[in-house]
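J.: Residue numbering for the sequence shown follows full-length UniProt numbering, starting at 1 and increasing by one per position. For glycine and all other residues, C-beta sits at the position ideal for the given N, C-alpha and C. First the structure, which I've put down as structure tokens, then a few questions once you've had a look.
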Amino acid sequence: MEANEKDILRGGQFLVKETNCEDVFTPEDFSEEQTMMKESVMEFNDREIIPHKARFEAKDYALTEEVMRKAGDMGFLSVAVPEAFGGMGMGFVSTVLTCDYISSGTGSFSTAFGAHTGIGTMPITLYGTEEQKQKYVPKLASGEWFGAYCLTEPGAGSDANSGKTTAELSADGKSYKINGQKMWISNAGFCSVMIVFARIEDDKNITGFIVEYDGENPNGITLGEEEHKLGIRASSTRQVFFNDTVVPIENMLAGRGEGFKIAMNALNVGRIKLAAACLDSQRRILSTAVNYANERKQFKTPISDFGAIKVKLAEMATNAYAGESATYRAAKNIEDRIAMREAAGNTHQEAELKGVEEYAIECSILKVAVSEDVQHAADEGIQIFGGMGFSEETPMESAWRDARIARIYEGTNEINRMLSVGMLVKKAMKGHVDLLGPAQKVQEELMGIPSFDTPDFSELFSEEKVMINKLKKTFLMVAGGAVQKFGPDLDKHQQLLIAAADILIEIYMAESAILRTEKNAKRFGAESQSVQIAMSKLYLYHAVDIIEEKGKESIISFAEGDEQRMMLMGLKRFTKYQNYPDIVDLRNEIAEKVKAENKYCF
């Protein structure tokens, strides 16, 4: 199907427009080329990364660099790079897929890979001049050179635009002198190119520069010692100091003062790729946990037969399934949007930038949801292993430590929660997403008399889709009420924003799982999807609970009197099932399937 303007929902519109299951992309839709790519990446991970886990945990930085070079030889560093610059020029879904399946061996390699292909290479591909791209991108795509991204400073973390690093124009106007300090720089120990953000004079916004680094001729650049970190131990992470580092003016990236924009857009791509990087880790954690649970006997019974363990296996599988569904749904939306813009005459650079920017809300949602799910999976993985899980001898301990960083980098989950709602409100103000109309309708519905008809829910997911619709009304009611009360000051009410974000996240994730399963049930038959149906129902059940809790918290915090009573009644109506699912039954069905297959098998 040719993607055109009317078929593709804009970013954030999932909230106010119905999506047909036929219009979502799922992992079952991978092309032959994508399936081959996936197998090739998995084989690389099993051969080059997993067997050396102990060396990565022992901080073998040289090994990380060596495996990165091998990934370059295989072409994995160049998937997203246009063919004109030595890349494979594959679509956005293939980029996400590569990131997904290469990342589960160890967080150390995953971080090096993500930092290099994403924020290390992407800014030049998307913002560089023709000369800059010709000079740097082929070397980065092949793995001859590695990239690093220097944004964070001791005083500038989440507030990235407040950095103190300076860039001063030389008297002859031919170069800039950079002075300052950056910290938490991934790949610093073996990179040849740094994307460095610095402020020129008293500019409001920072500016980006491409800075070459050669240890033999350091040009005023010194590196701190390797940081000793909780996890991702063989990922090179150092401070970088610039002392009169000379950078030719032609190495400015985009225009003066455009660094903040570059940083934000690079992070949008980074966020969906980080979500992808947590997916195969969840699959692998679950597979490892169920292997152990099937073999470990207590009271003469495999522990996988105990209900307490089945809960864990079922919930881990369900979260992984929902994360996969949502990530590939968004990736394909981005890919289609890029294609649409290219067809309309945009350059590849403009198309990709605008395509990713369009779905910045979804990128933030995914980053938060999947990073929290992988941590939960690793935590439950340790619990299933019991005392052995706490030992370095089993892989769960390092999986748990590696997962922890995912909630911090590429913007903390707190920042991403606030961003997702903030961006949605901005889109509404610009008229890109009509929130006001639907929010008004919800207000009217609250004033009206509810229908007492008994609906016909005989069709697959008919009740679940009605629930999703009601959950969207909950968001519109809560967010609409908050916007009405606080207007432009809403961003000062962070607790409300975070609660609204949790509602938004659960809607997107639950809907994505349901649409994927519905699409597959229609084409492969509902019998073949019975466990996926169970996972979709289980995920939605939890989503309803979370949304009820967060909705209540919000309403009682900003509304009072009659308005509060009316909204709480509305919340009750919008979170009420006609027929509750049997949660124990659903979990048992999912766990039995995972046990029988002895792995994540969806």
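1) To which residues does DSSP link S175 through a beta bridge?
2) Contact check, N161 vs F260 under 8 Å by CB: the rounded distance?
3) At a cut of 8 Å, does the segment 68-76 reach the segment 191-201 through at least three beta carbon pairs?
4) Would residue 616 and L540 be called neighbours here (beta carbons separated by less than 7 Å)?
5) Give the straight-line distance between the Cα atoms of N464 and E518, rounded to the nearest whole angstrom.
6) Any chance the segment 392-412 sits against the segment 53-69, with 3 or more Cβ pairs inside 8 Å?
7) Just to confirm the assignment: which complete beta strand (DSSP E) runs, minimum length 3, are found wholly within the segment 76-163?
8) How many Å lie between E131 and G480 at the Cα?
9) Please classify P302: does DSSP put it in a helix, a strand, or coil?
10) Considering just the uninterrupted stretch of the beta strand (DSSP E) at I200, what are its terminal residues?
11) Starting from A167, trace the beta strand (DSSP E) both ways and give me its first and last residue.
12) Leaving aside the five residues before and after E410 along the sequence, list all residues of the same chain whose C-beta is less than 7 Å from its C-beta, in chain order.
13) Let me confirm a value: Q494 is counted as buried when at least 16 other C-beta atoms fall within 10 Å, else exposed. Which label applies?
14) Would you identify the three-state DSSP class for M429, choosing helix, strand or coil?
15) Do you know offhand how far L586's Cα is from M68's?
16) What would DSSP say about M74, mapped onto helix, strand or coil?
17) Report yes or no: do three or more beta-carbon pairs, one from the segment 92-102 and one from the segment 32-45, lie closer than 8 Å?
18) Considering only residues of the segment 513-574, which uninterrupted alpha helix (DSSP H) runs meet the minimum length of 4 residues and lie entirely inside it, listed in chain order?
19) Could you tell me the distance, in whole angstroms, from the CA atom of T106 to the CA atom of E65?
20) Under 7 Å, do Q282 and A344 count as touching if we go by C-beta distance?
21) Measure how close the beta-carbons of I590 and T318 come, nearest whole angstrom, since I'm counting them as under 8 Å.
22) Measure the C-alpha to C-alpha separation of T111 and Q134 and round it to an integer number of angstroms.
23) Can you give, in chain order, each stretch of the alpha helix (DSSP H) that sits fully within the segment 216-290 and has at least 4 residues?
24) Measuring CB to CB, does S186 end up less than 7 Å from A115?
25) Could you check what DSSP says for E206 in three-state terms: helix, strand or coil?
26) Keeping to the same chain, check which residues put their C-beta closer than 7 Å to that of I547; ignore five residues upstream and five downstream.
27) Quick check on DSSP: helix, strand or coil for K354?
28) Going by alpha carbons, who is nearest to L419 out of Y359, F209 and L568?
29) By the DSSP assignment, the alpha helix (DSSP H) with H376 in it spans what residues?
30) Have a look at M1 and E22 and give me their C-alpha separation to the nearest angstrom.
31) Of all the options G551, M509, R523 and Y577, which has the alpha carbon lying nearest to the alpha carbon of A482?
32) Under three-state DSSP, which class holds I185?
33) Using a Cβ-Cβ cutoff of less than 7 Å, which residues in the same chain neighbour S175 once the five nearest sequence positions on both sides are dropped?
34) Which term fits K492, buried or exposed, when burial requires 16 or more other beta carbons within 10 angstroms of its beta carbon?
35) Looking only at its own chain, which residues have a Cβ that is under 8 Å from the Cβ of A500, when we skip the five neighbours before and after it?
36) Once you ignore the five residues that flank M423 on each side, which residues in its own chain have a CB closer than 6 Å to its CB?
T.: With the structure as the only source:
1) P248
2) Cβ atoms of N161 and F260 come within 8 Å of each other, at about 5 Å.
3) no
4) Lying before the first or after the last residue shown, residue 616 is absent from the chain, which here runs from 1 to 602.
5) Looking at the sequence provided, one finds Glu at residue 464 rather than Asn. Those two C-alpha atoms are separated by around 11 Å.
6) yes
7) Within the segment 76-163, the complete beta strand (DSSP E) runs of at least 3 residues are 147-150.
8) Distance from the CA of E131 to the CA of G480, rounded to the nearest whole angstrom, comes to 48 Å.
9) Annotated three-state conformation of P302 is strand, per DSSP.
10) V193 to I200
11) Start and end: T166 to L169.
12) Cβ neighbours of E410 beyond the five flanking positions: L267, G270, R271, L274 and K367.
13) exposed
14) helix
15) Rounded to whole angstroms, L586 to M68 spans 42 Å at the Cα level.
16) coil
17) Of all C-beta pairs linking the segment 92-102 to the segment 32-45, three or more are shorter than 8 Å, placing the two stretches in contact.
18) 530-558 and 561-574
19) 14 Å
20) For Q282 and A344, no; Cβs fall outside 7 Å.
21) 6 Å
22) 26 Å
23) 259-277
24) For S186 and A115, yes; Cβs fall inside 7 Å.
25) Note on identity: in this sequence residue 206 is Ile, with Glu being the wrong assignment. In this structure, I206 counts as coil in the three-state DSSP scheme.
26) L471, T474, I503, E506 and T575
27) helix
28) Nearest of Y359, F209 and L568 to L419, Cα basis: Y359.
29) For H376, the enclosing alpha helix (DSSP H) has its first and last residue at A360 to F385.
30) Because the pLDDT of M1 is 39, which lies under 50, any placement of that residue in the model is unreliable, and the number read from its coordinates should be weighed accordingly. Distance between the alpha carbons of M1 and E22: 11 Å.
31) G551
32) strand
33) V246, V247, P248 and I249
34) exposed
35) V421, F475, V478, A479, A482, K550 and S554
36) A360 and I361
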